[in-house]
Every structure is written in structure tokens, then in C-alpha cells.
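The sequence shown begins at 35 in my numbering and counts up one residue at a time.
Where is the CB? At the ideal position from N, CA and C, for every residue including glycine.
Model, not experiment: these values are computed from the prediction.
Presented below is the structure to which this report refers.
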Amino acid sequence: MAVRYTDPRLVMLLDSATAEVDFSKRRRAEYSYDASNYRLGPAAVACPRSTAEVVELVKVCHDAQASLTVRGGGTSMAGNAVGEGLVIDVSRHMHAIRSIDPSSKTAVVEPGVALGELAKAVEAATGGNLTFAPDPSSKSRATVGGSIANDACGNHSVRYGRMSDHVVALDLVLADGTQVTATRTGLQATHPDDAAAATRAEQIACELRALASGNLANFRLELGRIPRQVSGYHLSHLLPENGFDVARSLAGSEGTCAVVVAATVRLVDVPPSALLLILGYENIVDAARDVPAILEFAPAAVEGIDELIVDTMRARRGVDTVSELPSGHAWLYVDLDGGDIDSVAEQARNLLERLGQQGRVLDGREVRDPAARARLWRVREDGAGLSSRLELPDGAGNVSSWPGWEDSAVAPEKLADYLVDFRALLSRFDLIGVMYGHFGAGCMHIRITFDQRSPEGRSVMAEFLGAAAKLVVEHGGTLSGEHGDGRARSALLGTMYSPQMMGAFARFKQIFDPTGVLNPGIIVEAPAVTQDLALDGVPSLQWRTSFALHEVGESAGANDFAEAVQRCIGVGRCRSRSGGVMCPSYRATGDEKDSTRGRARVLQEMVRGSRTTREGWQSQEVREALDLCLSCKACSTDSPTGVDMATYKSEFFDHYYTGRRRPMAHYSLGWLPTWLKITSRISPIVNAALSTPLKSVMLRMGGLTTERELPPFAPRKKLRRAVGTTHGPAGDIVLLVDTFTKGFRPEVAGAAKRVIEDAGHRADVRTELCCGLTWISTGQLPHARKQLAATAEVLDDRSDRPIVVTEPSCAAALKKDLPELVDSDAARRVSARIRSFAEQVTAQTEKGWRPRHAVPAEVTVQTHCHEYAVFGAQTQQRALHAAGVETVREATGCCGVAGNFGFERNHFATSMQVAEQALGPALDASQDATILADGFSCHMQVRQLTEPTPNASQHLAQILDPQPQGEAHR
């Protein structure tokens, strides 16, 4: 068996490899974790581009006897995607879809392609007639290779089974670098002229047949007893009656036998019609008791969640996110499909009638609209992340929950009884377990409030897992029903299987990997379940922060920063390439370093490994990891665990640059409000200078890019003309004109004032205040706090007058950053009164106001990331529809400028890559539509993308302005 390896020979051999190999501390930190409880620091990380490079890397590890772990999306909850030798990431480059064949209903793909991307490609290539079926909640980032390794399933496994049911053939690299292909009937050389590989394939096949013939009774009696029996190796596929299916026997082997470099997978038909039936129950056990009756109606999916997830979703993302659920404390999602919607609807009615007769269902709701179905499914799909920090009922605070017993399964008809006993087991150990999962397949995902930081807590965890293993076996179930055994459960397999079967597992591993270099410690020869826990040994240091990083309702503590960065549990939603906004830099580079998760892991290593906090705050590795973070704040809402990397970056920069010279952009852009006070007095001179060759010199001196056009600086008198006289304290609305609007778009302030007053309000216009955003984004927090405190004192007039802010990022800073940086009642009162301009428009329309002039029939909107994160993803759309706009097309994604980021010289290229993710295509698709960009950053990016005809975007206030544009600008 390969041992923990730090031999310099491995470094020397890998250093000469042609593949991309990284030995840096930062890179190794990023790959020390997956989505499990475990942490193992690798010696190096490689991102191969081809099978040839994989072969080379495998041979190096074989020669050096160093362990090798292959991973895809790194979303494993069982700890089977971390290792101490070389970690190979196939998701970075090996994600090609080589072919899609509708006639044979197969596709050939590389292992790094995400499941969701494969499904989209198949549907596009077949006109929506075929798809790739496995759809775990992590499908937007979980890869084909990783899903084969764990034998993943997904929400629709009731209909389509496990990943192993869709494997046709696997191209493999064995532990010594030999290339073979496993099929449904045996094993052969990948390349027919490779005589050595043919001999090795024949030898392995012979040994596998001998293994099967010597264990016929054991394989038939102990394996394949229930639909979700994933634990151990799937050796029943080697039985004669199963055709000696080597390909399927390797599904679920967790990377311990061979490296998958390509897979031929089966495709399935897409039903013409479908609907979602949501059922509400009093509790999770009642829901489980109805599953057998539901299965009689041949559903495509039967998924369940309990109220702890719903309560957490409601608290973290707002009431609207769960408002479509029927009444109850536990819910089942039942997907029904068929040839036409009428027959499917009749099936739903019959099912509801049947369940009503059984007397357990409280309420049922039929959902046909695809958008509504997607919203509801997101509650279920974000379960793993949401359940990691649970909101307890009745305002009792929140607790952290963890995997470990994440994935047990029983036969569906035994699920209710199993849950009754399991809940009793939780009570016996004084633990809370949040339950969700694939009820139709009897598979439960259960995250539990283990205390992994203390010896006592780890002892309880180990004892509980042992008892849970015995319990599920008593119910005829399996330790793992989807995610594999990994480090979480491999040591418990002896509870489930006989010694003879455990011996067969060891022999199977040995046949493929005689020297034990492939993912050692998984399934066989496993360490204790509490070994290598990530939270074991994290020092308790006093991380002084400017931001209050504790949860609402909690008191501040010395470890708030450490606990905040540890909110990331690795589910990897930030690695999705579509849906939501997070994470724009990862979508641009495809590098784990530039994902929210990668940054969080480096920060976790910082708080874990520093002997002093000063040493940690000075970490160059963290500085590198944060470099391409746009501070868009999308992760604070898109991340199921609420990771706010923009805030962590600001905090880190504040400490990192203490006593250091900052980048020039931190002075030129970070102090922009101060410079604008000067330019407003001499704007003609500055604008004239910027039209000469002196412009490039000035920009370079300020650390700014010369490739981006700058807007003209506005004179003070233009703002005075725009807003006219102010009403002062008599106004019932405070209109805060921010720095960006004052300095570059004062006409927006005039339009905003007129829109507010057209609805019968009087606006108290404040033009002298600042939210401190530029100091926050560059990590100059003492000045930001001073600025915010002064602003709060002025705005805190003890009234409840709404404070409307024209610039979304400034509104977000006053809403969220103000109370986190300034600990005062004034700050909290002001924060509660802040509205974005779009929110104000919605509030006016709810009271009957309508725009005086016709609005555009179609608008393409670039929602500002900070507005998306702080005020809600639908804020702009809601305002536009309320104002009468019929068609709203949204560029869902960061514009790429993100405050100072897109103006900085070394970030311009990334900024433009980000712009092409959503904004660029949206502009290309809607050239005749009105472009809405309330954020100044977004406005500037639209200008950049629409050259040579800039100024294509408008603010919402300008679209709704009751005064014609020409007259307004006189």
C-alpha cells in the first residue's frame, strides 16, 4: 500500500512531466479538501490536458510508489477525492464531449465534463428528444468521471437508476500506465496493436472470473439486494448471469482500481410532458409511509425535504423562495410525466385522491410552469449547502451540521420504519439530523450536528456512526446509497459485509492495483472514520476584524473570522458555469484558484496553519487566491452556505497592506470620492487633459488600464441643475445621490427625483454623503468606517423615512456593510431604511403610481451584482414589470467591471472575459431593446461593449422619467 509521501524524488519526477503540475502551497491548500469532513494535503496537483499526460502522471506515481487520487468537481461528501500524494484534476481541461450518437443513444465523453453540461449538449444535438439522465443536485459541477467513481444517481433515479446503469464502456489507465477498455462483457486493450495491454487485460479478466467463480454464493446473497446498494465494490456484475460486466463492476470503485479517461454512456428519451406535484406532510415519517403508494404511479422522481431546510431557506433567502410550497412540515417532490399534459394531470389527480384516502398528506399542489418548478427544485437541490448552517425553529439560533452519515439507504417500503428508529438514535446521542433525499429509492441524505472540534465530540461521532451502521443493516439497508464509502464509511463496511466479502473486495482492488497507489484507504484498508478530520486541530486564535462576521442574532466572538471562512463546505456551486452569478472569475478561467471554494479553502488553511494571526494576515498565498475576486458579492446569496468572499477579501486586504505599499489603483480608485470633489471644480480641465496623449500617462500612473474608455467628469453645476432645489427635512423620502452619480451621471439624480415626486412624494435630496464603498472594496477599512459612521449620524433622524439610493452598489453598502462595520444603533436604524431605486419604484406602483409616459415594450437589464446579492435577484425585473414593461430579458451574470476591478490594469482581460459570459451575448441578442444598467460599473461595461456607439444604457430612473429626456437635460 502506498504510504504518506513527501520524498523529493516524486517532486523531481513530476517536475519533469509535460503535464501542468503545481507544487505551490496555495494550490495544495485548494485541493486539500472536497465536500466532506476530511482534509489531506497533497504533495502536488496536476491538471492534465490529454490521456497521454494522464498516462505519464500515473507512471510517475507508480515508479515512485506515491499515492494518486483523481477528482472531478471535488464535490465528494464521503472524502474520496482527497489524498496525500498527487491529486489529478480532470475537470480543468479534460471535459470534451467527443461524440453524440442519437441512433445508438450513446455519447462518448471525457471524464471532466459536468453532468449538466452533457445533458444540455445531448438535448441540443437531438432536438430535445434525448438527454443524459443522472441528475444529482450537484449536476452543474459534478463530473461524469466523479459520478462513475461514486456511482451517483440523482433526483430521477426512481426512473433512471444509478450511474452504473448508464455506463456502456470505460477507457482506463491502470496503475502502471497500461491503457485498457472495460465493456459490458469484459476487458480489452484500448489500442488493438498494444500487445502488452492486451496481455494485461487478459490476465485481469482471468483473475476476475476466478474471483467471481470462487464467491458465487456471497455475491448473490450479499450484493445487489436493494436499488441503492452502493457500498463496497459492485462485484455482482461479474456473475455469469450478469454477463461478466466489467464496466459496471468498476462504477462505484471510487478511483481505487483505475483512472477513467473516457466513457461511453447511455442516453435516454425525454418524455413529452411533465409536471411537479408538491405534497405537504406533518413530518418526514408520514411522508416516507406514502412512498410505496406513490411508486405505484410510476413517477420519475420522489424527493423529500424536512422543515429545517425550508426554515433555513426562508431565513437566508427570503419568504418568497419557499412561498410556493403547500402547508406542512415535510414535503415530497413527485415528478410525473407522460405523452401529453392532460393524461399526466389526470395521473396527478388520481395520485392525490389515493393519498388523501390514506390520510397522511396535508396538502398537495400541482406545478406546471417550468420557472416555478425550477424555483421549487432549487430548495431541494441546495439542501446540502443550506443544511450545513441550520436555522432552528422559533428563533432559537443556528447550528452547523456535517456529513458523515450522509447517504444511507434501505428498501423504499422500509424507509418509514428506518426513519423512526434513526430519529430515536439521534435523540439518544442528543444530535440533530436534517433529512432530505431520494425517498423513492429509499436513500436518505442526513447531515448531523457532530462536534468535530473536541475529542469528546469526535468520540461521540465515532460511536454514533458505528451504531448507525448497525441500525441500517438491521433494516436490510446499505451504508452508502450514492456518494460512495470514502473516508466516512469504508471503515464501517465490516458491519455490513461478511469477512469473506471484505476479502473479495480486497482481492478485486489488488487485481487492478497490485501496488496500492490508487486512492489508498478507500473501501479496503480504511483508516478510522475520525482520522484526518478538517476541524481537528484548528487553533483558536484572536482574529481581530473590522467587519462583524457573526450571524444575525449572535454575539461577536474571537473566532468569528475563522468560523466565517469555514462556512464553505465544498459543495462547489461556485464552479457552475450557468445559473446565478457566482463565480464570475471561475467561469472566466476555469481554475479552482478563482472559485469561491478555492479561495475559501486557502483562507481555511490560513486560519488553520498560522502560529500567529499576524503571520496569517501576511499570507502571500491568500493574496494570490483573492487577486481575481471581483468582490461582486454574488456568493453571499448564491452560495448555499452564505460565504461572502467580497467581505473576507476586504478584511484580508485591510490587514495585508498594513505597513505595506498598496497598488496604485487603491489610491486612484479607492480614494475616488475625494478626487471627485476636486474634479467637479475643474472638470473642463481634467476632461480636456484626458483627450490628449497625457491620458495614457495619467492612467498608467494610477495603475489603471489604458484600454477602457473613461466617462467625462461632471461639473458641480450640472448636479445643481439636475436636482434643483431640495425640500429638506419636510420630504417624506430621502434621496441619497451617491458619489458615482454625482461625479459622472448627475442627470440620473434629476430623473430619480422626478420619478419619486411624480408619485406624490417630496424628496429630501442629500448630495454631500458617501457610503465608503471604494474604501471597502480596496480594504481600507478604518477610513471606510469613519466615512460610514459620519453618514449614518447625518441620516439617522429617528424617522422611518425610506432612504432611496440611486447607485445599487452604494445602496448595498449602506444596507449590509454599514451595520457590519459600524456598531451603533444609528447604523442599524439607517440600514433598515435603505432602498434601492428599483425597490422604490415597486413600492410606488403598489400604491397605484404608473409612469406618465409610455415605457419600452422590451428591456434588457444588467442587474448589478450587489443589488442581486443584497436586495434580491428579482428586484429589477419586479420593478420593470410593475412599471408596465412587457418583456424583460436579463443578463444574469456579473458585468465584469465590478467597481475598481475592471479599471485596474492587470484585471482588464479578465473583466472582458467575464463580460462575455452574460452581458455580451445579451446585448448581441437584443440590439433593438432598451438597455438598463443602474450600476455605474455596468453602465461603463455596456459602453465598452457597444463601441463605437457608446452611451447605450440607461438608469431605471431615466426610463421612467416623467419629463422628456431632452427637456430634462436643458
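For this session: Note the first and the last residue of the continuous alpha helix (DSSP H) segment covering Asp345.
Result: Within the sequence shown, numbered from 1, the residue matching residue 345 stands at position 311. Per DSSP, Asp345 belongs to the alpha helix (DSSP H) from Glu341 to Arg351.
Problem set entry | Residue from Ala475, Ala364, Gly106 and Asp123 with nearest C-alpha to Ser174 | As a first step, residue 174 must be located in the sequence shown, where it is residue number 140. Selected option, being the one with the closest Cα: Gly106.
Problem set entry | Pair within 7 Å by beta-carbon distance, Ser514 and Asp451 | For the purposes of this step, residue 514 is identified with residue 480 of the sequence shown, where counting begins at 1. For the purposes of this step, residue 451 is identified with residue 417 of the sequence shown, where counting begins at 1. Their beta carbons are not under 7 Å apart, which means Ser514 does not touch Asp451 by this criterion.
Problem set entry | Own chain residues within Cβ distance below 6 Å of Ile375, not counting five before or after | Numbered from 1 along the sequence shown, position 341 holds the residue referred to as residue 375. Ser307, listed in sequence order.
Exercise. Which two residues bound the contiguous alpha helix (DSSP H) that contains His973?
Worked result: On the sequence shown, residue 973 is found 939 positions in, with the first residue counted as 1. That run of the alpha helix (DSSP H) goes Phe970 to Leu979.
Exercise. Around the C-beta of Gly474, are 16 or more other C-beta atoms found within 10 angstroms, so that it is buried, or is it exposed?
Worked result: Here residue 474 is taken as the residue at index 440 of the sequence shown, counted from 1. Gly474 is buried by the Cβ-count criterion.
Exercise. Helix, strand or coil: which one does DSSP assign to Arg412?
Worked result: Along the sequence shown, one-based indexing puts residue 412 at 378. DSSP places Arg412 in helix when its eight states are reduced to three.
Problem set entry | Reference Ala349, options Gln911, Thr671 and Asp857, closest by Cα | By 1-based counting over the sequence shown, the position of residue 349 is 315. It is Thr671 whose Cα lies nearest to the Cα of Ala349.
Exercise. Which runs of the beta strand (DSSP E) spanning at least 3 residues fall entirely within the stretch 297–374, listed in chain order?
Worked result: 307–315, 335–340 and 364–372
Problem set entry | Segment contact, 8 Å Cβ cut-off, at least three pairs: the stretch 945–960 with the stretch 920–931 | yes
Exercise. Which residue from Asp594, Val444, Thr549 and Arg487 puts its Cα closest to that of Val507?
Worked result: Taking the first residue of the sequence shown as position 1, residue 507 is located at position 473. Of Asp594, Val444, Thr549 and Arg487, the residue nearest in Cα terms is Val444.
Exercise. Comparing alpha-carbon positions, which option in Gly162, Glu781, Thr290 and Ala406 lies nearest Asp995?
Worked result: Start at 1 with the first residue of the sequence shown, and residue 995 comes out as number 961. Nearest option by C-alpha distance: Glu781.
Problem set entry | Contact under 7 Å by Cβ, Arg631 with Gly604 | For this step, residue 631 is matched to residue 597 along the sequence shown. For this step, residue 604 is matched to residue 570 along the sequence shown. Cβ atoms of Arg631 and Gly604: closer than 7 Å.
Problem set entry | Pair within 7 Å by beta-carbon distance, Val147 and Val178 | The residue labelled residue 147 in the question sits at position 113 within the sequence shown. The residue labelled residue 178 in the question sits at position 144 within the sequence shown. The answer is yes: Cβ separation under 7 Å.
Problem set entry | Pro404 classed as buried or exposed, judged by whether at least 16 other C-beta atoms fall within 10 angstroms | Taking the first residue of the sequence shown as position 1, residue 404 is located at position 370. With fewer than 16 other Cβ atoms within 10 Å, it is exposed.
Exercise. How about Leu370 and Pro333: are their beta carbons less than 7 Å apart?
Worked result: For the purposes of this step, residue 370 is identified with residue 336 of the sequence shown, where counting begins at 1. For the purposes of this step, residue 333 is identified with residue 299 of the sequence shown, where counting begins at 1. Yes.
Problem set entry | Residues bridged to Thr177 (per DSSP) | Within the sequence shown, residue 177 is the residue found at index 143, counting from 1. Partner(s): Ala148.
For this session: With a floor of 4 residues, list each alpha helix (DSSP H) that falls wholly inside the stretch 816–873, ordered by position along the chain.
Result: 842–846, 852–855 and 859–867
Exercise. Considering only residues of the same chain and omitting the five flanking positions on each side of Thr564, which have a CB-CB separation below 7 Å?
Worked result: Locating residue 564 in the sequence shown gives position 530, counting from the first residue. These residues qualify, in order along the chain: Arg492, Met495 and Ala496.
Exercise. Based on the DSSP secondary-structure assignment, which residues constitute the bridge partners of Met478?
Worked result: Here the question's residue 478 lines up with position 444 in the sequence shown. Gly471, per the DSSP bridge assignment.
For this session: Could you check if Met535 is buried or exposed, using at least 16 other CB atoms within 10 Å of its CB as the buried criterion?
Result: Start at 1 with the first residue of the sequence shown, and residue 535 comes out as number 501. The residue is buried, with at least 16 neighbouring Cβ atoms inside 10 Å.
Problem set entry | Among Thr512, Leu359, Val893 and Val641, nearest to Leu449 - alpha-carbon criterion | Here residue 449 is taken as the residue at index 415 of the sequence shown, counted from 1. The shortest Cα separation from Leu449 among Thr512, Leu359, Val893 and Val641 belongs to Thr512.
For this session: Can you tell me which of Leu47, Leu152, Asn114 and His472 puts its alpha carbon nearest to the alpha carbon of Val94?
Result: By one-based count along the sequence shown, residue 94 stands at place 60. Looking at the Cα atoms, Leu47 is the closest of the given residues.
For this session: State buried or exposed for Pro885, treating a residue as buried only when at least 16 other CB atoms are found within 10 Å of its CB.
Result: Walking along the sequence shown from the start, residue 885 turns up at place 851. Buried, since its Cβ has 16 or more Cβ neighbours within 10 Å.
Problem set entry | Opening and closing residue of the beta strand (DSSP E) in which Val79 lies | Position 45 of the sequence shown holds residue 79. Start and end: Ala78 to Ala80.
Exercise. Using the C-alpha atoms, what's the distance from Glu743 back to Pro727?
Worked result: In the sequence shown, residue 727 corresponds to position 693, counting from 1. In the sequence shown, residue 743 corresponds to position 709, counting from 1. Distance between the alpha carbons of Pro727 and Glu743 is about 14 Å.
For this session: Thinking Arg481 and Val468 are a contact (beta carbons under 8 Å), I'd like their distance in whole angstroms, please.
Result: In the sequence shown, the residue the question calls residue 481 occupies position 447. In the sequence shown, the residue the question calls residue 468 occupies position 434. With 8 Å as the limit, Arg481 and Val468 qualify as a contact, their Cβ atoms being about 5 Å apart.
Problem set entry | Proximity below 7 Å, CB of Arg601 to CB of Thr675 | Position 567 of the sequence shown holds residue 601. Position 641 of the sequence shown holds residue 675. Result yes, Cβ atoms of Arg601 and Thr675 sit closer than 7 Å.
For this session: Return the chain-ordered list of same chain residues with a C-beta closer than 7 Å to the C-beta of Ser589, the five sequence neighbours on each side being excluded.
Result: Mapped onto the sequence shown, residue 589 falls at position 555. Unreliable positioning characterises Ser589 in this predicted model, as indicated by a pLDDT of 48, which lies under 50. The coordinate reading is nonetheless provided below. Here the set comprises nothing.
For this session: Please name the residue or residues paired with Ala141 in a DSSP beta bridge.
Result: The sequence position of residue 141 within the sequence shown is 107, counting from 1. Ala141 pairs with Ile134 and Val299.
For this session: Could you pull the start and end residues of the alpha helix (DSSP H) that Val551 belongs to?
Result: For this step, residue 551 is matched to residue 517 along the sequence shown. Val551 -> no alpha helix (DSSP H), and no H or E assigned at all.
Exercise. Buried or exposed: which applies to Cys1005, given that a residue is buried once 16 or more other Cβ atoms fall within 10 Å of its Cβ?
Worked result: Within the shown structure, residues of the chain are numbered from 35 to 1004, placing residue 1005 beyond reach of any answer.
Problem set entry | Nearest to Ile318 (by Cα), restricted to the options Val201, Val454, Thr346 and His268 | Position 284 of the sequence shown, counted from the start, is the residue given in the question as residue 318. Out of Val201, Val454, Thr346 and His268, Val454 has the C-alpha closest to the C-alpha of Ile318.
Exercise. Between which two residues does the beta strand (DSSP E) harbouring Gln222 extend?
Worked result: Position 188 of the sequence shown holds residue 222. First-last of the beta strand (DSSP E) with Gln222: Leu221 to Ala223.
For this session: Determine which residues share a DSSP beta bridge with Trp436 and list them.
Result: Here residue 436 refers to the residue found at position 402 of the sequence shown. According to DSSP, Trp436 bridges with Ile482.
Problem set entry | Neighbourhood of Arg635 by C-beta distance below 6 Å, restricted to the same chain and skipping five residues each side | Here residue 635 refers to the residue found at position 601 when the sequence shown is read from its first residue. Excluding residues within five positions, the ones whose Cβ falls inside 6 Å are Ala63, Glu64 and Tyr67.
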